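Enquirer: For reference, the structure I am asking about is given below.
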Amino acid sequence: MAVAIVGLGLAISCAAQSQGRFDLVGPKIDVRVSRGAQTLPIAAVPNLQPGDRIWLHPDFPPTQSVKYLLICVFLRGTTNPPPDTWFTRIETWDKHVRQEGVMVTVPEDAQQVVLFMAPETGGDFSTLKSAVQGRPGAFVRASQDLTEAGFEQARIEKYMASIRLVPPSDPMDLQKHSDLLARTLALKPNESCFKQPVDMQFTCLTQTGSQIVLDDGHGQTVINALSNGAGSDLINQASYTQAAGGGLYSAYVGAIVDMVRILSNLHTAQYQYIPAIAFPQEASMNLRLNTPPSFHNPKSVLIIALPSVQKAQAPPLRTADARHVACLLAPTVVLPIEGAPLVFSTAFGHDIVLHLNTPPGAPAEPDIRLLPDAYQGGLVLQLGAQHHVPLRDQRPLTEAEKAAATASVVPGAAPVPPQPKPIPPPIHLTGTIQGRWGFDSFTGPTVELQQLPGTGWALTTPPSDPLSPDAPRADDLIAGHAAELMLTSTGSACVHAVTAQPAGSTAEMALTFQLEPHLDQPNLLAVKLPSGRAMLPGDLHLEIQQYGQPRTDSVAARAFAEPAHIAGVQLYAGDRSITVAGARLEQVEKVRVGDLIFAPVPVDPGATAAPLSGTLRLTLPDNAPRPPTHASDHLMARIQLRDGRELSSPIVVAAPRPSVTLLSKTAEAGPEPTIKLGNPDDLPLSSMLTFTLKSTTAFPRNGQVEVETTDGTLRTVLTLAPAGGLLLQDPHTVVASLDPLRSFGPSAFGALRVREVFPVAPGSSPSEKPTAAEAGHPEAAPSLASAGTGEAVSPASDWQQLVTLVRLPALGQLQCAIDVTQPCTLSGTNLFLVSAISTDPALANPVSVPDGYTANTLTVPHPASSGTLFLRLRDDPTAVDSALLPLALPSPPPPRGRSAAHAAVQHAGTGTEHPN
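What follows is the structure in structure tokens.
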């Protein structure tokens, strides 16, 4: 007999698939089972027991023309043929059978029940009985495989029917319910379906065979797998056959392959056996065939399996999430239960309820009916009006309450039992899943419940996790960054929406959240904040909506700007200043080291604002004494930001910095200058400067002298190298020579400062890791790195003011009229370097030079004395300088009567006229 394998969408040939599917509708048989005084339809019976009464009623149409013989056979193992009395002949065409049916009783020692349906012929009953008694093991195995195939086909069809409830155009909902169905039914959907376009995902999932049946173990227990081969072995063996497509796992295919192979070896000249899978619905067993029955020799005999005869195996239900808490106030309450797919794909489990566990002494509460729903992913509570009254804890009466109750009894009246005084209802309680599995009762897991909305909502920090020591904190909320806030209350299971209103916005944004219960904090709620520009620094208002609570609960949080990044903190022994390296240091308000409080150094008006990155120097107050810090001290710096946050960084105090004194300075005397500077600290840009520094410690051979403008924009380094600009007088005294014009260029001006730097030798960088001697100080950390580059910062002395660079204009002569009331004309170049000129040393009535003045002459007042003017340079507007200029007066007109030549000679000689 050419029999093809049942195709669950596997790689089966089209020809074989067309004749191998169990898609042929067969006859119906009504079956009921009675045990004691209780009767159940066959759909609710997972197992039989000796003594059970089975009512069989063939449901044939009135026009049935072929007479079928129904034979009920009880089996008792593969090596023990059943006796003749375990065969029951039922003539389906008999009027009494058609109207009343037939009752058979399960005998002792029976293990399986098999029904045969064969066309009525002479000797049919004896032939079938001889076949069963001759090879009972084949029919035992056929019964096992048919039962297994029925269970697993029921799971697949449940998946198919449920997934069709999802709108095909909603991929998110399709993924969600597919996952729920796969979990409850122990199926593995085809993951490649979700990688296809949205309009093709639904079609892919609903194709027969796109689900792989997983062995849950419970089905094997229900059908009482025999010791001659586990079902999983048969499954694997069959799935590697050519007919099954090579390697695709399906318990359904495996069972059918093995069963069809066995039955094909039993056919005779008169009969061939074809399997019929039963799909019970209430009392009706709807049969499906994979081969059309034949009424010619060899005639087809349908073989049908009834539940095995064995003890009841309760469904091993378990919670999908042990931390889940169900809210009884929700409109739909689903308990996420898994572990027993047959609870969701068959009617074996019935009268399932949630029994509420009330405190001792409290009245019993009505049970809540549960409906298995694989589409929802668990057991759905069927809540009624009687289930919405909150349970209350009951406490025993106190002695005073008992006495008061006894004293209030009226003589002659019936005593009134004392009632416990009610107290507020608890928020949390538990419930236990109970139900019936066929004729037997079972008890499932106990689940956590919440019956009232949570109160007392607040931000919290979760307990530290050894695997994640950096637990999120409330101040970790950074504007524009994704973050997770942890909320706590008396109960968080009833939350169904959380919204946020960021600072500066009137619109609310919906937030995602999930329960994150912890052993010490069981009511934690993790709220996820998205990244993006919608979140600005400032106050953040969270609104929590709960079932059973008409008003929202509010929680205030705060979003901060990106905090300063601290790369390191440098502190030298006995130093009054501290240096912080990192990024966004403009946020630093102060630094505390023990009792010492350092504040940022005020920014120079001419310098740039506080740096966004690099280093920040902070000092103690002017009246504070020198701190008693010593080299190698291990301290902790607390960096307080302007928004109230605090950062910390360990410090290893470094050796004292160099201490330097400026002994003297001399400007190179050049030609007699036209301009005489009024401030002795002013230095013309074109003049050489020589100065002497004396340090308390010996000046090292690799020492440096840094000279820079106070805003740090121009800088030069002098060294002891040849032509380096330094010359040692002795180990502590160094003489420096500086050419400002060469070092800084023609545009240099303003105050200069100087300091000594003692570079760190390679291999002994302060940024090295702590030594073994520092191992006992866990707070020890690498020292400050320069601007986050990892290079060690060399000890340097404090900056000292050196000179102020000024640029001088080149002044020519002063052309004046003889009349002192008339102005003069000053000639020269770079006159824009002068801001004001006057003949008064106090510059009472100056002549202002316009910005960007480019002319070579300038009108100035007539000097009171011979060619002396007073001016203010732009490079040092605080000083008044003087300029002695040659005065050019015009020639006086010649006297009358004299010749012009005589007058010219006299003027060229002495410039005056002598009398005769």
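Mapping to numbering that gives the first Met the number 0: the sequence shown position 95 is 94, numbers consecutive.
For glycine and all other residues, C-beta sits at the position ideal for the given N, C-alpha and C.
In this text the structure is predicted, and so the values were computed from the model without any measurement.
#1: Can you find at least 3 beta carbon pairs, one from the region 311–328 and one from the region 162–174, that sit closer than 8 Å?
#2: Would you verify that the beta carbon of phenylalanine 690 is, or is not, closer than 9 Å to some beta carbon of chain D?
#3: Report yes or no: do the region 317–326 and the region 361–374 share at least 3 C-beta pairs separated by less than 8 Å?
#4: Tell me whether serine 344 sits in a helix, a strand or coil according to DSSP, three-state version.
#5: Excluding the five sequence neighbours on either side, which residues of its own chain have a C-beta within less than 7 Å of the C-beta of alanine 816, listed in chain order?
#6: Within the same chain, show all residues whose beta-carbon is closer than 7 Å to that of serine 488, passing over the 5 residues directly before and after it, in chain order.
#7: Confirm, please, whether the CB-CB distance from leucine 514 to threonine 578 is below 9 Å.
#8: At the level of alpha carbons, what is the spacing between alanine 153 and proline 536?
#9: What number of angstroms, rounded off, separates the C-alpha of threonine 856 from the C-alpha of glutamine 814?
#10: Please report the Cβ distance between glutamine 48 and arginine 75, rounded to the nearest whole angstrom; I am assuming they are in contact, meaning their Cβ atoms lie under 8 Å.
#11: To which residues does DSSP link glutamine 271 through a beta bridge?
#12: Which same chain residues, not among the five before or five after glutamate 778, have their C-beta less than 7 Å away from its C-beta?
#13: Give me the DSSP bridge partner(s) of threonine 91.
#14: Using the rule of at least 16 other Cβ atoms within 10 Å of the residue's Cβ for burial, across every protein chain shown, is lysine 94 buried or exposed?
#15: Let me know the secondary structure DSSP gives lysine 128 once reduced to three states.
#16: Please report the straight-line C-alpha distance between glutamate 588 and isoleucine 638, rounded to a whole angstrom.
#17: I think isoleucine 302 touches proline 274, with their Cβ atoms under 8 Å apart; what is that distance to the nearest whole Å?
#18: Taking the straight line between their C-alpha atoms, what separation do you get for leucine 528 and glycine 479?
#19: Less than 9 Å between the beta carbons of alanine 735 and leucine 751, yes or no?
#20: What's the call for proline 279, buried or exposed, on a 16-neighbour Cβ count within 10 Å?
#21: Quick check on the DSSP output: the beta strand (DSSP E) that includes methionine 485 runs from which residue to which?
#22: Tell me whether glutamine 586 sits in a helix, a strand or coil according to DSSP, three-state version.
#23: Look at the Cβ atom of leucine 476, then the Cβ atom of leucine 510, and state whether they are nearer than 9 Å.
#24: What is the residue span of the alpha helix (DSSP H) that serine 177 lies within?
#25: Going by beta-carbon coordinates alone, are serine 161 and leucine 173 separated by less than 9 Å?
#26: Quick check on DSSP: helix, strand or coil for valine 72?
#27: Quick one: grab the DSSP three-state call for tyrosine 852.
#28: In the DSSP assignment, the beta strand (DSSP E) including valine 308 goes from what residue to what residue?
#29: Taking the alpha carbon of leucine 380 as the point to measure from, which residue in Ala363, Leu355, Pro359 and Pro362 has its own alpha carbon closest?
#30: Whole angstroms is fine: what's the gap from threonine 916's alpha carbon to phenylalanine 86's?
#31: Please name the residue, chosen from Ala887, Thr858 and Ala841, that lies closest to valine 879 on a Cα-to-Cα basis.
#32: Would you mind working out which of Ala304, Gly430, Gly348 and Val342 sits nearest alanine 363, comparing C-alpha positions?
#33: Could you tell me the alpha carbon to alpha carbon distance between alanine 609 and aspartate 818, rounded to whole angstroms?
#34: Drop a sphere of 10 angstroms on the beta-carbon of lysine 157, count the other beta-carbons inside from all chains shown, and report buried for 16 or more, exposed for fewer.
#35: Let me know the secondary structure DSSP gives aspartate 574 once reduced to three states.
#36: What are the start and end residues of each continuous beta strand (DSSP E) run of 3 or more residues lying completely inside the region 99–163, in chain order?
Expert: In terms of the structure at hand:
#1: no
#2: Absent from the structure: chain D. Only one protein chain is present.
#3: no
#4: Here residue 344 is taken as the residue at index 345 of the sequence shown, counted from 1. Here serine 344 sits in helix by DSSP.
#5: As a working note, residue 816 is residue 817 in the sequence shown. Only Pro889 meet the Cβ criterion.
#6: Against the sequence shown, residue 488 aligns to sequence position 489. If we look at serine 488 and ignore the five residues flanking it on each side, its Cβ neighbours are Gly453, Thr454, Gly455, Trp456 and Asn522.
#7: Here residue 578 is taken as the residue at index 579 of the sequence shown, counted from 1. Here residue 514 is taken as the residue at index 515 of the sequence shown, counted from 1. Taking 9 Å as the Cβ cut-off, threonine 578 and leucine 514 do not qualify as a contacting pair.
#8: For the purposes of this step, residue 153 is taken as residue 154 along the sequence shown, with counting starting at 1. For the purposes of this step, residue 536 is taken as residue 537 along the sequence shown, with counting starting at 1. Going by the C-alpha atoms only, they are around 56 Å apart.
#9: Residue mapping note: residue 856 aligns to position 857 of the sequence shown, counting from 1. Residue mapping note: residue 814 aligns to position 815 of the sequence shown, counting from 1. Straight-line Cα distance between these residues: approximately 10 Å.
#10: Along the sequence shown, one-based indexing puts residue 48 at 49. Along the sequence shown, one-based indexing puts residue 75 at 76. So it is not a contact: roughly 14 Å between Cβ atoms.
#11: As a working note, residue 271 is residue 272 in the sequence shown. Answer is Ser299.
#12: Locating residue 778 in the sequence shown gives position 779, counting from the first residue. Annotation note: pLDDT 34 at glutamate 778 (below 50); position unreliable, coordinate value reported separately. His633, Met635 and Pro649, listed in sequence order.
#13: Taking the sequence shown and counting its residues from 1, one reaches residue 91 at position 92. In DSSP, threonine 91 forms no bridge with anything.
#14: In the sequence shown, residue 94 corresponds to position 95, counting from 1. It is exposed - the Cβ of lysine 94 has fewer than 16 other Cβ atoms within 10 Å.
#15: Position 129 of the sequence shown holds residue 128. It is helical.
#16: Locating residue 588 in the sequence shown gives position 589, counting from the first residue. Locating residue 638 in the sequence shown gives position 639, counting from the first residue. The straight-line gap from Cα to Cα measures roughly 8 Å.
#17: What you label residue 302 is simply residue 303 of the sequence shown in a count that begins at 1. What you label residue 274 is simply residue 275 of the sequence shown in a count that begins at 1. Contact flag correct, Cβ pair sits at about 6 Å.
#18: The residue labelled residue 528 in the question sits at position 529 within the sequence shown. The residue labelled residue 479 in the question sits at position 480 within the sequence shown. Spanning the two alpha carbons is a distance of roughly 9 Å.
#19: In the sequence shown, residue 735 corresponds to position 736, counting from 1. In the sequence shown, residue 751 corresponds to position 752, counting from 1. No, they are not a contact pair.
#20: On the sequence shown, residue 279 is found 280 positions in, with the first residue counted as 1. Counting Cβ neighbours within 10 Å, proline 279 comes out buried, since at least 16 surround it.
#21: As a first step, residue 485 must be located in the sequence shown, where it is residue number 486. Taken as a continuous stretch (DSSP letters only), the beta strand (DSSP E) holding methionine 485 covers 482–487.
#22: By 1-based counting over the sequence shown, the position of residue 586 is 587. It is helical.
#23: The sequence position of residue 476 within the sequence shown is 477, counting from 1. The sequence position of residue 510 within the sequence shown is 511, counting from 1. In this structure, leucine 510 does not lie closer than 9 Å to leucine 476 by Cβ.
#24: Within the sequence shown, the letter at position 178 stands for residue 177. Its alpha helix (DSSP H) spans residues 170–184.
#25: Here residue 161 refers to the residue found at position 162 of the sequence shown. Here residue 173 refers to the residue found at position 174 of the sequence shown. No.
#26: For the purposes of this step, residue 72 is identified with residue 73 of the sequence shown, where counting begins at 1. Valine 72: strand per DSSP, three-state reduction.
#27: Taking the sequence shown and counting its residues from 1, one reaches residue 852 at position 853. In the structure shown, tyrosine 852 sits in coil (DSSP, three-state: anything other than H, G, I, E or B).
#28: Residue numbering aside, residue 308 sits at position 309 when the sequence shown is read from its first letter. Element bounds for valine 308: n/a, residue is neither H nor E.
#29: Taking the sequence shown and counting its residues from 1, one reaches residue 380 at position 381. It is Leu355.
#30: Since the first and last residues shown for the chain are 0 and 915, residue 916 lies out of range.
#31: The count along the sequence shown starts at 1 and reaches residue 879 at position 880. Minimum Cα distance to valine 879 is reached at Ala841.
#32: Indexing the sequence shown from 1 puts residue 363 at position 364. When each option's Cα is compared against that of alanine 363, the closest is Gly430.
#33: Counted from its first residue, the sequence shown places residue 609 at position 610. Counted from its first residue, the sequence shown places residue 818 at position 819. Here the model assigns alanine 609 a pLDDT of 44, short of 50, so the residue's position is not dependable, and the following value carries that caveat. Cα to Cα, the separation comes out at about 57 Å.
#34: Taking the sequence shown and counting its residues from 1, one reaches residue 157 at position 158. By the neighbour-count rule (16 or more Cβ atoms within 10 Å), lysine 157 is buried.
#35: Within the sequence shown, numbered from 1, the residue matching residue 574 stands at position 575. Reduced to three states, the DSSP call for aspartate 574 is coil.
#36: 101–104 and 111–118
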